[in-house]
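Novice: What follows is a structure written as structure tokens; I'll ask about it next.
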Amino acid sequence: MSDFHSKIQAQGVVPVLVIDELDQATPLATALKTGGLKIIEVTMRTPVAAEAIKTMTKIPGILIGAGTVLNAEQCRIAIDAGSQFIVSPGLDKGVVDAAQDAGLPVFPGCVTASEVQHAWNLGLRAVKFFPAGIAGGPMALKALASVFQDMKFMPTGGVNADNLAEYLSLDAVIACGGSWIAPNNLVREEKYDEISSLAASAIALARSTRT
Ligand code: 3PG
3 MSDFHSKIQA QGVVPVLVID ELDQATPLAT ALKTGGLKII EVTMRTPVAA
53 EAIKTMTKIP GILIGAGTVL NAEQCRIAID AGSQFIVSPG LDKGVVDAAQ
103 DAGLPVFPGC VTASEVQHAW NLGLRAVKFF PAGIAGGPMA LKALASVFQD
153 MKFMPTGGVN ADNLAEYLSL DAVIACGGSW IAPNNLVREE KYDEISSLAA
203 SAIALARSTR T
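Residue numbers (my numbering): 3 to 213.
What follows is the structure, given as structure tokens:
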């Protein structure tokens, strides 16, 4: 397992952020770090996403990745902004190549055996499982993992505090991603203390599930 994969596995949960205003970037990343989450995904879904990544990478001790990376060009923009890992909703070879060329870990979304097999043949040993809930949840993951024995999965999409433990109890799950740790309403209302508490609860739950 790569160094990055070990780190993400140790954290167990990855907060997925949608940042609408650049001035949310620093307090949000700081709140998550205070709660114990130091690996953070910023989705490339808003106009300020790349700038937010650039801003957050200035905070010491955290690793910022880009999510919702849809093509190679967006991948390069995310990398130029300082992203240290790349996440995609689906499997696109251009995105995987751009990330691998830069030496960065990449997690393309895969839910079928064909997609997982394609990712495996691109040299990947960890993928995003998205949208986890409606793609069959833990049962589907178990079935895929029984075939792709050296592949790890990061379920995202419908993961929350209620089902996190069920996903993390599977050996094939490297970590779970999700927006429940930093929901948009709390970010808009600048309730950063509540976000720190959600982060701390998520990390505590992840640790207790795995020990
Ligand atoms: C993602 O960006 O990966 C997903 O939209 C997050 O899914 P969630 O909002 O159900 O956690």
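By construction, the Cβ of each residue, glycine as well, lies at the ideal position given by its N, Cα and C atoms. The model shown is predicted, which means the values in this text are computed figures rather than measured ones.
Which whole-angstrom value is the C-beta distance of Q13 and K40, which I expect to be below 8 Å?
Specialist: If you number the sequence shown from 1, residue 13 lands on position 11. If you number the sequence shown from 1, residue 40 lands on position 38. Indeed they touch by this definition, with Cβ atoms about 7 Å apart.
Novice: By DSSP, does L19 sit in helix, in strand, or in coil?
Specialist: Sequence index remark: in the sequence shown, residue 19 carries index 17 (1-based). L19 falls in the strand class under three-state DSSP.
Novice: Please identify the residue among H7, P17, M58, I10 whose C-alpha is closest to the C-alpha of Q26.
Specialist: Within the sequence shown, residue 26 is the residue found at index 24, counting from 1. Checked all of H7, P17, M58, I10; the closest Cα to Q26 is M58.
Novice: Does L145 pass the burial test, meaning 16 or more other C-beta atoms within 10 Å, or should it be called exposed?
Specialist: Working through the sequence shown from its first residue, we reach residue 145 at position 143. For clarity, residue 145 is Ala in the given sequence; the question names Leu instead. Answer is exposed; the Cβ neighbour count stays below 16.
Novice: From the DSSP output, in three-state form, read off F6 for me.
Specialist: Counted from its first residue, the sequence shown places residue 6 at position 4. Three-state result, F6: helix.
Novice: I'd like to know if G180 contacts chain D, where contact means its C-beta is closer than 8 Å to some C-beta of that chain.
Specialist: The structure shown contains no chain D; it is built from a single protein chain.
Novice: Could you check whether the stretch 134 to 148 touches the stretch 97 to 107, counting it as contact only if at least three pairs of C-beta atoms, one from each stretch, sit closer than 8 Å?
Specialist: The answer is no - the stretch 97 to 107 does not touch the stretch 134 to 148, with fewer than three Cβ pairs under 8 Å.
Novice: Return yes when the C-beta of W122 is under 7 Å from any heavy atom of the ligand 3PG, and no when it is not.
Specialist: Start at 1 with the first residue of the sequence shown, and residue 122 comes out as number 120. W122 Cβ: outside cutoff for every heavy atom of the ligand 3PG.
Novice: Applying the criterion that 16 or more other CB atoms from any shown protein chain within 10 Å of the CB defines a buried residue, is G125 buried or exposed?
Specialist: On the sequence shown, residue 125 is found 123 positions in, with the first residue counted as 1. Exposed, since its Cβ has fewer than 16 Cβ neighbours within 10 Å.
Novice: So for L188, helix, strand or coil by DSSP?
Specialist: What you label residue 188 is simply residue 186 of the sequence shown in a count that begins at 1. The answer is helix: DSSP assigns L188 an H, G or I state.
Novice: May I have a chain-ordered list of the alpha helix (DSSP H) segments no shorter than 4 residues that lie completely inside the stretch 35 to 92?
Specialist: Entirely contained in the stretch 35 to 92, the alpha helix (DSSP H) runs reaching 4 residues are, in chain order, 51 to 58, 74 to 82.
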